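Inspection log for the structure reproduced underneath, given as structure tokens.
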Amino acid sequence: IKVEKGRGYQPATVRIKPDGGRSIGNILLDASFSPVRRVSYSVESARVEQRTDLDKLVMDIETNGVIEPEQAIRYAASILVEQLGVFADLKGTEAPIEQRSMPQVDPILLRPVDDLELTVRSANCLKAENIYYIGDLIQRTETELLKTPNLGRKSLNEIKEVLATRGLSLGMKLENWPPANLDRP
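Put into structure tokens, the structure is as follows:
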């Protein structure tokens with residue numbers, strides 16, 4: 013029998029030796045380090061003076077003797093208060109006006125041109141012209157793209173077809189492009 017100190021619960025699979033080996037004759041068991049063995053509760057009706065609509069919580073706590081049941085419930089209650097204290101401090105604050113007034117940009121426009129799965133030649137030509145996002149690309153006209161070195165009519169037709177499958181086209185005007193939070197490579 014091997015006795016260890018620990019906290020909470022550990023399944024046997026976690027307690028296997030790092031080298032992965034188990035010695036013959038050993039049986040690994042899950043380990044529960046909790047001093048609380050069993051907890052049960054019931055809710056009963058309670059009466060205080062003339063009020064009969066109250067409830068009483070009755071808890072039965074059994075421990076292994078390391079701590080008293082009263083200590084266990086006090087500790088559990090203090091953890092619960094600490095965890096839920098975050099919600100007690102919530103205030104009905106409104107979102108800042110700046111965030112509310114930010115224009116919404118179609119998420120597809122924020123995707124990189126690499127997501128269009130263009131040929132390597134087309135993708136490299138666009139990057140050479142600092143066109144990294146689909147939003148950058150759709151604002152360019154056919155004439156502007158044809159002036160790009162190494163980007164010919166075939167590459168242009170490929171780009172137009174891929175954009176058309178997404179409901180986009182060249183020469184589109186975007187009001188608030190690029191967004192303030194857009195990272196440029």
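Per our numbering, residue 13 is the first one in the sequence shown, and the count goes up by one each step.
The beta-carbon is built from N, C-alpha and C at its ideal position, and this holds for glycine as well.
If you're wondering where the values come from, they're calculated on a predicted model, not measured in any experiment.
Original post:
Looking at C-beta atoms only, is the number of pairs between the region 126–140 and the region 152–168 that lie closer than 8 Å three or more?
Top reply: Using a Cβ-Cβ distance cut-off of 8 Å, the region 126–140 and the region 152–168 are in contact, since at least three pairs of beta carbons, one from each stretch, lie closer than that value.
Original post:
Considering only the beta carbon of each residue, do Ile146 and Leu121 sit closer than 7 Å?
Top reply: Here residue 146 refers to the residue found at position 134 of the sequence shown. Here residue 121 refers to the residue found at position 109 of the sequence shown. If you check the CB distance, Ile146 and Leu121 come in under 7 Å.
Original post:
Just how far apart, CA to CA, sit Pro197 and Asn142?
Top reply: For the purposes of this step, residue 197 is identified with residue 185 of the sequence shown, where counting begins at 1. For the purposes of this step, residue 142 is identified with residue 130 of the sequence shown, where counting begins at 1. Cα-Cα distance, rounded: 9 Å.
Subject >> Option nearest Leu40 by Cα separation, candidates Lys103, Arg27, Gly77, Pro47 >> reply: Against the sequence shown, residue 40 aligns to sequence position 28. Of the candidates Lys103, Arg27, Gly77, Pro47, the residue whose Cα lies closest to the Cα of Leu40 is Arg27.
Original post:
Should the region 59–77 be called in touch with the region 91–98, which here means at least 3 C-beta pairs below 8 Å?
Top reply: Between the region 59–77 and the region 91–98 there are fewer than three inter-stretch CB-CB distances shorter than 8 Å, so the stretches are not counted as touching.
Original post:
Just how far apart, CA to CA, sit Tyr87 and Arg178?
Top reply: Walking along the sequence shown from the start, residue 87 turns up at place 75. Walking along the sequence shown from the start, residue 178 turns up at place 166. The alpha-carbon atoms of Tyr87 and Arg178 are separated by roughly 57 Å.
Subject >> Backbone secondary structure at Arg27 - three-state DSSP >> reply: Reading the sequence shown from its first residue, position 15 is the one you call residue 27. DSSP, reduced to helix, strand and coil, places Arg27 outside both helices and strands of the structure shown, so it counts as coil.
Original post:
Helix or strand or just coil, what does DSSP make of Gln22?
Top reply: Position 10 of the sequence shown, counted from the start, is the residue given in the question as residue 22. Here Gln22 sits in strand by DSSP.
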